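Participant:
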Amino acid sequence: MQMRLHRGIVVTGVAVLLATGLAWFGSGVTAQVSIDGDDIGGVVRSASGPEAGVWVIAETDDFDTLYRKTVVTGNGGRYVVPDLPDARYRVWVRGYGLKDSEPVTATPGTTLDLRAVTAANPREAAQVYPANYWYSLVEVPPKSEFPGTGENGNGISPGMRTQANWVDGLKQGCQLCHQLGNQATREVVNPADFDSTEAAWTHRVKAGQRGALMSGGLRRFGADRAVAMYADWTDRIMAGEVPPAPPRPQGRERDVVLTMWEWGGPTGYIHDEVASDKRDPRVNANGPIYGVEFASDALVWVDPTTNEARQVTIPVRDTPGEGDFRSYIDQENLEPSIYWGDELIWNNPGNPHNPMMDGQGRVWMTHQIRGPGNPAWCQEGSSNPYAQHYPQTRAARHIAFYDPASEEVELIDTCFNTHHLQFGFEDRERLYLSSVSSVIGWLDVDLYEETGDAQAAQGWCPIIVDTNGDGRITEWVGRGAAVDPTKDKEMGGGWYGIVADPTEDHVVWAASGGVPGQIARLDLGANPPETCIAEYYQPPFDNPDAPIQGYSPRGIDITTDGIVWTALSGSGHMASFDRSLCGVLNGPTATGQHCPEGWSLYATPGPQMKGVTDHGSADFHYYSWVDQHDTLGLGDNVPIATGSTSDSLLAFLPDEEEYVVLRVPYPLGFYSRGMDGRIDDPSAGWKGRAVWADYGTNAVWHSEGGKGTQGNLVKFQVRPDPLAH
Numbered sequence: 003m004q005m006r007l008h009r010g011i012v013v014t015g016v017a018v019l020l021a022t023g024l025a026w027f028g029s030g031v032t033a034q035v036s037i038d039g040d041d042i043g044g045v046v047r048s049a050s051g052p053e054a055g056v057w058v059i060a061e062t063d064d065f066d067t068l069y070r071k072t073v074v075t076g077n078g079g080r081y082v083v084p085d086l087p088d089a090r091y092r093v094w095v096r097g098y099g100l101k102d103s104e105p106v107t108a109t110p111g112t113t114l115d116l117r118a119v120t121a122a123n124p125r126e127a128a129q130v131y132p133a134n135y136w137y138s139l140v141e142v143p144p145k146s147e148f149p150g151t152g153e154n155g156n157g158i159s160p161g162m163r164t165q166a167n168w169v170d171g172l173k174q175g176c177q178l179c180h181q182l183g184n185q186a187t188r189e190v191v192n193p194a195d196f197d198s199t200e201a202a203w204t205h206r207v208k209a210g211q212r213g214a215l216m217s218g219g220l221r222r223f224g225a226d227r228a229v230a231m232y233a234d235w236t237d238r239i240m241a242g243e244v245p246p247a248p249p250r251p252q253g254r255e256r257d258v259v260l261t262m263w264e265w266g267g268p269t270g271y272i273h274d275e276v277a278s279d280k281r282d283p284r285v286n287a288n289g290p291i292y293g294v295e296f297a298s299d300a301l302v303w304v305d306p307t308t309n310e311a312r313q314v315t316i317p318v319r320d321t322p323g324e325g326d327f328r329s330y331i332d333q334e335n336l337e338p339s340i341y342w343g344d345e346l347i348w349n350n351p352g353n354p355h356n357p358m359m360d361g362q363g364r365v366w367m368t369h370q371i372r373g374p375g376n377p378a379w380c381q382e383g384s385s386n387p388y389a390q391h392y393p394q395t396r397a398a399r400h401i402a403f404y405d406p407a408s409e410e411v412e413l414i415d416t417c418f419n420t421h422h423l424q425f426g427f428e429d430r431e432r433l434y435l436s437s438v439s440s441v442i443g444w445l446d447v448d449l450y451e452e453t454g455d456a457q458a459a460q461g462w463c464p465i466i467v468d469t470n471g472d473g474r475i476t477e478w479v480g481r482g483a484a485v486d487p488t489k490d491k492e493m494g495g496g497w498y499g500i501v502a503d504p505t506e507d508h509v510v511w512a513a514s515g516g517v518p519g520q521i522a523r524l525d526l527g528a529n530p531p532e533t534c535i536a537e538y539y540q541p542p543f544d545n546p547d548a549p550i551q552g553y554s555p556r557g558i559d560i561t562t563d564g565i566v567w568t569a570l571s572g573s574g575h576m577a578s579f580d581r582s583l584c585g586v587l588n589g590p591t592a593t594g595q596h597c598p599e600g601w602s603l604y605a606t607p608g609p610q611m612k613g614v615t616d617h618g619s620a621d622f623h624y625y626s627w628v629d630q631h632d633t634l635g636l637g638d639n640v641p642i643a644t645g646s647t648s649d650s651l652l653a654f655l656p657d658e659e660e661y662v663v664l665r666v667p668y669p670l671g672f673y674s675r676g677m678d679g680r681i682d683d684p685s686a687g688w689k690g691r692a693v694w695a696d697y698g699t700n701a702v703w704h705s706e707g708g709k710g711t712q713g714n715l716v717k718f719q720v721r722p723d724p725l726a727h
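Under my numbering, the first residue of the sequence shown carries the number 3, and numbering increases by one thereafter.
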């Protein structure tokens, strides 16, 4: 008997031994584990003996979506894959130091011992290492070459002021959309088509619908110098260089259970997902998990109880016209890709983004519903008080929400650009939105539902700091101006991450990347916009009063007692900020580096890039999240960073100052942009709670499996021990 797998591997008839409960690699060896009728369990051994800290993967395509469950072996190589729905599974082993084992077939209730195979050499072993380990082999220009001297000098753009700016560009620029370091990016699959590796890289960054963005991004470095750096990286890897070996899962990392469902299609770009209301994780218990399909303007979902997937189109209000919508399509200058040729695989005039759920189970998202030019009531000369305070001429995204009860999508216009969104904790429902511009906006949801008047229900404020110290905001100077001790000062911009403060009404925190980057606290006060007042803080960078330097916050979240956590995506840290430790909150020195005592920085796991000696890691953290309600099982208020290039979520335990790495070993390419937690049954222990994330890469065909593969929704659970079932 033979069966062709999804992974392209042939399974042979060894599965006939499964019913005996004996090890298939030798008679008289039992599995030494206890299982139920819906589990598969046994022992993993290699020629060296039991293999602890490796993964056992069970997958099936018997359902509407391809379904997988993955566990980690404990001491003695023992494992239990729990709670499998009835189906025929392909079961196999992956681990650091190993070669993937040949799959065997099994059904729930089977005792199954597995033979692990030791990798023949370091290069074979490294093929399953996370992308950031491979990316650590990139050799960054030394500090002495900064600031750059341009095309006629060292080839580095003069805009690259420091090595930190270069590293931040490698992450927030190149890693922003997809994993750098996976096999699709670290190697050249068709070297014979090019005269050199530099030529291959020059083509690569121009190819496909995002080609113009990629090649434009490299110009910020100095394109030729950046291409030479990447070509050298590729040449060394293709000649046999390998990264250091990652550690196998230890401690609580062995208690992780992963359940996965494919969704989104072979060209899908599901940006991120939502499971529940962040304020009450019991909302939508046992319901669908929703994701925004950025590439085709759709809301998709998986029902984890039935293993079925569905989707609905998110409409736009106006007919798209030239220049009206961001589509990332330059068809005239499209450079064919090796995957799709000149085919246009994305049609996304609305660019839906970042879903959030309210207490009624409705899914809210940012979405471009019209062209970016704003109506008159948003602009200077309007009677709108917010337009008079700070007029807005453009908004590239607005608001949409989907009501599962009616199965309808509603579109809401905004004057301010929208990007991320979070519900507040006030008595009236308020939705806060970041803008990737100079303001923070909000929608009074209750007022909108009462009146249907989007203009009356929305507001926005810029980040104005009380630098003259009089306790209120009056006349201010702009962001580019020097501090005037008689006036207030507008600070920052590009506000990206956002979170409402659960300890104070009408207070919101926002984050923006860069070197050093910034976070801001905005208090709307009782009568915005007149009462809006902000505080502004930068992570310690080039600061003699701080022992550890970091930069580039993106994601931001907060504990239930008001401690802010942000992942520093450039330097590779999780950072906490405690405002109560700050001696200065306003006045002429409150311009960023005035509260190093409020910050604590913790380098994330993994190696650093070559040539970089500062604290941090080669990993990139697209966003971060705080598990306020212990939905994962590691405790209340545990901050978690997306290990977007390390195939993982990184849970940080503040009391122990240790990370629990929640690795997704298969398929390689797990790139998460966010996560959400839900409690389906508070009385069911670990089985009733989970954190959810997805493969948020915008090039899903770069994942293991290549062209034709799909993204995956991933459910993370932490059980009491590796054999709990």
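All residues carry an ideal CB built from backbone N, CA and C; glycine is no exception. Being a predicted model, the structure only gives us computed values, none of them experimental.
Taking the alpha-carbon of H180 as reference, which of G713, E345, T72, A692 has the nearest alpha-carbon?
Facilitator: Among G713, E345, T72, A692, the Cα nearest to that of H180 belongs to G713.
Participant: Does any C-beta atom of chain C lie closer than 8 Å to the C-beta of W203?
Facilitator: The structure shown contains no chain C; it holds only a single protein chain.
Participant: In this structure, what does DSSP give as the bridge partners for R47?
Facilitator: Bridge partners of R47: P52, R117.
Participant: Have a look at F327 and Q424 and give me their C-alpha separation to the nearest angstrom.
Facilitator: Caution is warranted here: a pLDDT of 39 is assigned to F327, below 50, making its placement in the model unreliable, and the coordinate value is therefore given only provisionally. If I take the Cα positions, the gap works out to 25 Å.
Participant: Which complete beta strand (DSSP E) runs does the region 462-545 hold, if anything under 3 residues is left out?
Facilitator: Fully enclosed beta strand (DSSP E) runs of 3 or longer: 490-492, 499-502, 509-514, 520-525, 535-539.
Participant: Is it the case that the Cβ atoms of P248 and Y98 are separated by a distance below 8 Å?
Facilitator: The answer is yes: Cβ separation under 8 Å.
Participant: Between which residues of its own chain and T711 is the CB-CB distance below 6 Å, once the five residues before and five after are set aside?
Facilitator: These residues qualify, in order along the chain: S705.
Participant: For the putative contact between D320 and G373, defined by C-beta atoms under 8 Å, what is the C-beta separation to the nearest angstrom?
Facilitator: The pair is a contact, with the Cβ atoms about 6 Å apart (cut-off 8 Å).
Participant: Would you kindly check if the distance between the Cβ of R222 and the Cβ of G175 is under 8 Å?
Facilitator: Taking 8 Å as the Cβ cut-off, G175 and R222 qualify as a contacting pair.
Participant: Which value, in whole angstroms, describes the spacing of the CA atoms of H399 and N350?
Facilitator: Looking at the sequence itself, residue 399 is Arg, so the reference to His does not match. The alpha-carbon atoms of R399 and N350 are separated by roughly 12 Å.
Participant: What's the gap between the Cα of P406 and the Cα of E275?
Facilitator: When rounded, the distance between both Cα atoms is 15 Å.
Participant: With distances taken between CB atoms, is the gap from I371 to V447 smaller than 8 Å?
Facilitator: Contact flag unset, no.
Participant: Mapping DSSP to helix, strand and coil, what is K208?
Facilitator: Reduced to three states, the DSSP call for K208 is coil.
Participant: Identify whether G557 lies in helix, strand or coil by the three-state DSSP scheme.
Facilitator: Three-state result, G557: strand.
Participant: Could you tell me the distance, in whole angstroms, from the CA atom of L636 to the CA atom of V662?
Facilitator: Distance between the alpha carbons of L636 and V662: 9 Å.
Participant: Classify I239 as helix, strand or coil using the three-state DSSP reduction.
Facilitator: Here I239 sits in helix by DSSP.
Participant: Does the separation of the CB atoms of P639 and T562 fall below 8 Å?
Facilitator: The identity of residue 639 in the sequence shown is Asn, whereas the question assumes Pro. Their beta carbons are under 8 Å apart, which means N639 touches T562 by this criterion.
Participant: With a cut-off of 8 Å, do at least 3 Cβ pairs link the region 72-86 to the region 52-62?
Facilitator: With a cut-off of 8 Å, the region 52-62 and the region 72-86 count as touching, because enough Cβ pairs lie within range.
Participant: Please state whether the Cβ-Cβ distance between V140 and K612 is less than 8 Å.
Facilitator: Yes, these two residues count as a Cβ contact at 8 Å.
Participant: Using 10 angstroms around the beta-carbon of Q177, count the other beta-carbons present and answer buried if the total reaches 16, otherwise exposed.
Facilitator: Buried, since its Cβ has 16 or more Cβ neighbours within 10 Å.
Participant: Going by C-alpha to C-alpha distance, which of P487, I475, I558 sits closest to D503?
Facilitator: Nearest C-alpha to D503: I558.
Participant: Quick check: W694 and L715, are their CB atoms within less than 8 Å of each other?
Facilitator: Against a cut-off of 8 Å, the Cβ pair of L715 and W694 comes out as a contact.
Participant: What is the DSSP secondary structure of T62, reduced to helix, strand or coil?
Facilitator: Looking at T62 - three-state DSSP - the assignment turns out to be strand.
Participant: Closest to V285 by C-alpha separation, out of N309, A209, R691, would be which residue?
Facilitator: That would be R691, whose Cα lies nearest to the Cα of V285.
Participant: I need the boundaries of the beta strand (DSSP E) containing D305, first residue and last residue.
Facilitator: 300-305 is the extent of the beta strand (DSSP E) around D305.
Participant: If you drop the 5 nearest sequence neighbours on each side, which residues of the same chain put their C-beta closer than 6 Å to that of G157?
Facilitator: G224, D226, R227, listed in sequence order.
Participant: Taking the alpha-carbon positions, what's the N588 to L655 distance?
Facilitator: When rounded, the distance between both Cα atoms is 32 Å.
Participant: For A754, which of helix, strand or coil comes out of DSSP?
Facilitator: A query on residue 754 cannot be resolved here, the shown segment of the chain reaching from 3 to 727 and no further.
Participant: So the alpha helix (DSSP H) Q424 belongs to, where does it begin and stop?
Facilitator: Q424 -> not in any alpha helix (DSSP H); beta strand (DSSP E) instead, spanning 423-425.
Participant: Could you check which residue in P722, A686, L670, H617 has the C-alpha nearest to that of V702?
Facilitator: Closest by alpha carbon: L670.
Participant: Kindly give me the distance between the Cβ atoms of Y392 and W462, rounded to whole angstroms, as I take these residues to be in contact under 8 Å.
Facilitator: Yes, they are in contact, since the Cβ atoms of Y392 and W462 sit about 7 Å apart, within 8 Å.
Participant: Short check: CB of F622 to CB of K173, under 8 Å?
Facilitator: The answer is yes: Cβ separation under 8 Å.
Participant: Considering only residues of the region 590-631, which uninterrupted beta strand (DSSP E) runs meet the minimum length of 3 residues and lie entirely inside it, listed in chain order?
Facilitator: DSSP runs (the beta strand (DSSP E)) wholly in the region 590-631: 601-605, 626-629.
Participant: Cutting at 6 Å between CB atoms, please list the residues of its own chain near E537, excluding the five before and the five after it.
Facilitator: Cβ neighbours of E537 beyond the five flanking positions: R523, L587.
Participant: Short of 6 Å in beta carbon distance, which residues of its chain neighbour E382, apart from the five on each side in sequence? Order them along the chain.
Facilitator: Excluding sequence neighbours, E382 sits near P393.
Participant: Is DSSP giving E452 helix, strand or coil here?
Facilitator: Note: E452 maps to helix in three-state DSSP.
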